[in-house]
Amino acid sequence: MKKPKRIFLAGFRATGKSTLGKILADKLNWSFIDLDFLISQQEGGDIGVLTKNGTDWTKFRKIENEVLKDVLGLKNVIISCGGGVGVNDIVDEKSKKTFGQLNQETLKNEENLIILLTSEDKIIKKRLTTLFERKKIMPFINKSNALKSDDEKDGERLVKKQVEDSMYALTIRKPLYQELADIEIDTSNFIFPKKMVNLNVVIGDPINHSLSPLIHNTAYKVLGIDKSNLFIPMKVKNNNLKQFIEAVKTLGINGISVTIPHKETVIKYLDNLDKDAKKIGAVNTIVNKEGVLTGYNTDWTGVVNALKQKTKIKNMKVAVLGAGGAAKAIVFGIIKEGGRVKIFNRTEEKAGVIAKMFDCQFGGLDEIFEIKDFDIIINSTSVGMGNSEESPLDKDLIQKNQIVFDVVYNPKETKLLKDAKEKGATIIYGTDMLLYQGVEQFKMYTGLDAPVEGMEKVLKGELK
Ligand code: NAP
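Residue numbers (the numbering used here): 1311 to 1774.
Listed below in structure tokens is the structure:
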């Protein structure tokens, strides 16, 4: 992937393409172009001229395709595309291909980065209703609707119909957009700053569940720096990770939080790797310093700092349940702090691999009865997630004098933590790990001390 020369913002109407496009262009000192504006220029008027009496869609799409080709002659531009670019089904008589296909062929080029903007359906619906009511955007025109659009009496019914038509088109276009795009950004919960100085993101697939935007944007607000900082979720598919990393440099993204499934695979695209992240073999934090990308791991500091609020770690006997991605950072952190670890896992061999990496004990679940003699129990299995009401540990094995830490954070209070509470043990929530790994990231991204209390409060309010 070459350094992108053009960024195309694709996606449905009312997803923030123009707003984000202008802010990004301002940040990068690039030009911003609205494709619909160029199309109307070709016709010597505004877009309303083309649509007033019902749109001649073949003519419209033909001009759109020509304009799109012209734009490829430009560089350092951000182009906001109309909703049908790359996904419409109007057939070009000459090539027998749809203009959607022709546009895709034009767009898919190493020098173009295609960012898809999405929003939740209910939010698009609400935004569209407002826009149609104010006649701010052109309707999905068929001739009869267009002719009626000046009829005041029929206005309400017409707005409803236009919104319905649009939402129907959206369901058809959604998968096509996703095929077209290199990166996807959900703008549902965005409050765009007027001018963007620092842009930070969290990447993963899926990504909508991530609480990182909430934590970081809250911290910006608490410190009064939300006018110049924005933290957004970006969905990056496995096969687009390399492109994304190149885009980080072009877009000047400052900090990148990384979640499943990229924590390990992203390492090969980075310029530098911190020594702790190297030992763990996973990165959850990337810092971009003048185009040089360095990978770090703050998951282990998240665990250690969450524990330190309740206990010392040195010389404590710590049982770690599970031997997946999270376990590696946890075991690394505890051992670094002088704790004595034994890993228990359903698949004993996997526990053995991590034990070998960090020089600690391990066993299978047949040895789990030993857990009674440990000071600290940390669950890093995914058991207890969602509404499962399952626990990775028999309640009878939990002792009153133990500290039980469940890194699962959804639900906040898992069955394991409920059981531990009932047994009188000290509990630590998974949200604490989330909080402290974020606190560390915040400092790395902004250079400022994180407002821990505010971040904690928002996490508490968000989760049940
Ligand atoms: P992972 O790599 O998929 O590992 C899952 C682990 O759970 C494996 O050791 C697996 O055992 C074990 N497991 C799954 N189902 C099991 C069952 N029915 N009985 C016994 N063991 C079972 O997942 P991960 O990335 O480590 O994440 C694990 C959990 O930590 C997730 O809930 C994740 O959300 C949470 N997490 C929280 C934070 C935070 O900040 N609080 C950070 C990272 C992760 P096998 O090896 O036998 O398959």
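Just so you know, even glycine gets a beta-carbon here, dropped at the ideal spot from N, CA and C.
Please read these numbers as outputs of a predicted model, since none were measured by experiment.
Rounded to whole angstroms, Val1512 and Ile1333 show a C-alpha spacing of 19 Å.
Following the DSSP letters along the chain, one finds Pro1523 in no beta strand (DSSP E) but inside the alpha helix (DSSP H) bounded by residues Ser1522 to Val1532. Measuring C-alpha to C-alpha distances from Ser1429 to each of Gly1514, Lys1404 and Met1544 identifies Met1544 as the nearest. Within the segment 1698 to 1742, the complete beta strand (DSSP E) segments of 3 residues or longer fall at 1713 to 1716 and 1736 to 1738, listed in chain order. Collapsing the DSSP output to three states places Arg1444 in coil.
Using a cutoff of 7 Å, the CB of Lys1660 counts as near the ligand NAP, since one of the ligand's heavy atoms is closer than that. The residue among Leu1480, Ile1317, Gly1514 and Val1377 with its C-alpha nearest the C-alpha of Glu1420 is Ile1317. Within a 10 Å sphere around the beta-carbon of Thr1756 sit 16 or more other beta-carbons, which makes this residue buried. By the Cβ neighbour-count rule, Glu1494 is buried, with 16 or more other Cβ atoms within 10 Å of its own.
By alpha-carbon distance to Met1743, the top candidate from Val1614, Thr1621 and His1572 is Val1614. Taking the Cβ of Asp1676 as the reference point, every heavy atom of the ligand NAP lies at 7 Å or farther away. According to DSSP, residue pairing for Gly1514 in a beta bridge involves Lys1545. Taking 8 Å as the upper bound for CB-CB distance, Gln1712 and Ile1687 are in contact here, some 6 Å apart.
DSSP, read as helix, strand or coil, puts Arg1656 in coil.
The beta carbon of Arg1656 sits closer than 7 Å to the beta carbons of Leu1675 from its chain, once the five residues preceding and following it are set aside; these are given in chain order. Between Val1397 and Thr1439, the gap from beta carbon to beta carbon reaches 8 Å or more. When the Cα atoms are used, Lys1327 and Ala1491 turn out to be separated by approximately 14 Å. Per DSSP, the continuous beta strand (DSSP E) segment holding Ser1341 begins and ends at Ser1341 to Asp1344.
For Gln1488, the distance from the CB to the nearest heavy atom of the ligand NAP is not below 7 Å. Annotation for Asp1704 indicates a beta carbon at 7 Å or more from all heavy atoms of the ligand NAP. In the three-state scheme derived from DSSP, where H, G and I count as helix and E and B as strand, Gln1351 is classed as helix. Classified as exposed, Arg1467 has fewer than 16 neighbouring CB atoms from the shown chains inside 10 Å of its CB.
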